[in-house]
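J.: Handing you this structure, nothing more for now.
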Amino acid sequence: MSSSPRNISVTLLGKEYVVACPAEAEAELLKAAAYLDKKMQDIRAGGRIIGSEKVAVMAALNITYELQSSQTAEREAVNSRLSHLSLLLEKTLAE
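For the sequence shown, the UniProt record's numbering gives the first residue as 1, with consecutive numbering after it.
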């Protein structure tokens, strides 16, 4: 059962934002905000991107790329495992 949303403060690039979040998801939200802040800090430290909005867009693109790459790798691993299990099953049934 989901609890009522609470207001949680997160800080990104030194600016505080208040977001609504269910109590049971607070730890995950804070972890995600810390990860996003780190990515944004890294981009800003690179010195080639100026402006919080552009930094946020670049961080979003980078994180999306990471997610898609991870999903692709996971999907390939699952497909490989399924192929292996299918071969084992066929071999076992043939005996």
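Where is the CB? At the ideal position from N, CA and C, for every residue including glycine.
How many Å lie between residue 84 and residue 91 at the Cα?
T.: Their backbone Cα atoms lie some 11 Å apart in a straight line.
J.: Could you give the C-beta distance for residue 55 and residue 63, rounded to a whole number, given that I count them as a contact under 8 Å?
T.: Rounded, the Cβ-Cβ distance is 12 Å, inconsistent with contact.
J.: According to DSSP, is residue 88 part of a helix, a strand, or is it coil?
T.: Here residue 88 sits in helix by DSSP.
J.: What whole-angstrom Cβ distance do residue 6 and residue 32 have, given they're in contact under 8 Å?
T.: About 16 Å; that fails the 8 Å criterion.
J.: Output needed for residue 15: all residues of its chain with C-beta closer than 8 Å, excluding positions within five of it in sequence on either side, in chain order.
T.: Within the same chain, residue 15 has close Cβ partners 52.
J.: Whole angstroms is fine: what's the gap from residue 17's alpha carbon to residue 9's?
T.: Roughly 6 Å separates the two Cα atoms.
J.: Just checking my contact of residue 43 with residue 20 at CB under 8 Å: how many whole Å lie between their CB atoms?
T.: Contact doesn't hold; Cβ gap of about 27 Å is too wide.
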